[in-house]
Amino acid sequence: MRLSIMGVLLCATLVACVNVMPQKDFNLEKMAGKWWAVGFATNAKWFMNRKASMKMGTSMMLPTAGGDLDISSANQNADGSCWRMTDLAKKTDIPGRFTFTSQRWNNENDMRVVAVQYDDFALIHTIKTKHGVTDVLNKLYSRTPEVSADVQKKFTQFSLDTGILSGNIVFLPNNGECAEA
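Heads up: the sequence shown at position 161 corresponds to 161 in the UniProt record's numbering, and the numbers run straight through without jumps.
Below, the structure written as structure tokens:
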């Protein structure tokens with residue numbers, strides 16, 4: 001009996017993750033350009049130790065000719081040096097949904113652009129799996145380092161709806177921008 005209840009709970013959790021779909025009218029070309037990573041939400045264990053020191057960064061998103069999305073992210077460290085990471089998110093049969101393996105973190109990523117106003121913000125939901133452990137990560141991107149209270153509220157509510165604890169939803173302070181490399 002206890003095992004079947006655990007199975008139902010696990011299934012319900014997985015279904016909640018699987019049912020998050022990308023925005024219906026997703027336009028890959030309009031994602032092109034610079035985005036500021038202004039919001040971050042996850043229940044992942046590593047986040048608890050790092051969330052207080054996390055800062056805003058930028059990502060360049062460039063559509064490829066084949067319909068994939070090249071994502072190059074950079075964060076400025078306290079000493080002025082830059083931390084960089086690049087991933088090639090491969091398109092799937094569903095517009096706005098991508099998959100990739102992170103070379104830096106060695107995890108599998110199922111990424112969905114769930115809400116976007118291309119000149120303002122993008123809300124991205126990613127299911128990350130490593131060694132059989134799955135975590136949900138929501139990111140809020142903005143075309144500028146500032147984001148409206150309405151967009152912050154939308155991101156917070158979406159994160160709560162996807163099972164993120166309220167204390168694990170953060171809006172990142174601006175730490176400057178890395179110089180182009």
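Using N, Cα and C, we set each Cβ at its ideal position, and we do this for glycine too.
Classify residue i: buried if its beta carbon has 16 or more other beta carbons within 10 angstroms, exposed otherwise.
i	result
M48	exposed
T96	Residue identity check: residue 96 is Gly in the sequence provided, not Thr. By the 10 Å Cβ count, G96 comes out buried.
V18	Annotation note: pLDDT 45 at V18 (below 50); position unreliable, coordinate value reported separately. That one is exposed.
K139	buried
D93	exposed
M111	buried
S166	exposed
Within this structure, are the beta carbons of residue i and residue j separated by less than 9 angstroms?
i	j	result
A41	I127	no
S142	W35	yes
D68	A89	yes
V113	A122	yes
residue 188	Q23	The structure shown has nothing for residue 188, since the chain only spans 1 to 181.
residue 188	T162	In the structure as shown, the chain begins at 1 and stops at 181. Residue 188 is therefore absent and cannot be evaluated.
F98	N106	no
Name, in chain order, the residues that DSSP records as bridge partners for residue i.
i	result
V147	Partner(s): none; V147 has no beta bridge.
Y118	Answer by DSSP bridge pairing: none, since Y118 is not bridged.
V133	K130
D110	T99, I127
F171	G39
D68	Answer is none; D68 lacks a bridge partner.
R84	A74
Starting from the Cα of residue i, find the closest Cα among the options and give me that residue.
i	options	result
W83	V38, M56, G33, V20	M56
S72	D87, M54, K153, V151	D87
T129	S102, V114, F155	S102
P145	Q157, D79, G176	G176
N174	M21, M54, D25	M54
F100	D79, D70, Y118	D70
S159	M21, L137, A149	L137
Using C-beta distances below 7 angstroms, list every residue in its chain close to residue i, excluding the 5 sequence neighbours before and after it, in chain order.
i	result
F171	V38, G39, Q152
residue 184	The chain is shown only over 1 to 181; residue 184 falls outside these bounds and no answer can be derived.
V20	R112, V114, H125, T162
T156	I169
Suppose the cutoff is 6 angstroms on Cβ atoms and the five residues either side in sequence are ignored; what does the same chain contact list for residue i look like?
i	result
R104	M85
L28	P63
C178	A74, Q76, C82
A44	D135
Here's a check: name, in chain order, each residue in its chain whose Cβ is nearer than 8 angstroms to the Cβ of residue i, leaving out the five neighbours to either side.
i	result
N77	W83
G66	K91
T13	Residue placement at T13 is flagged as unreliable, the pLDDT there being 42, under the threshold of 50; a coordinate-derived value is accordingly withheld.
A149	none
F26	P95, G96, V113, V116
D119	R143
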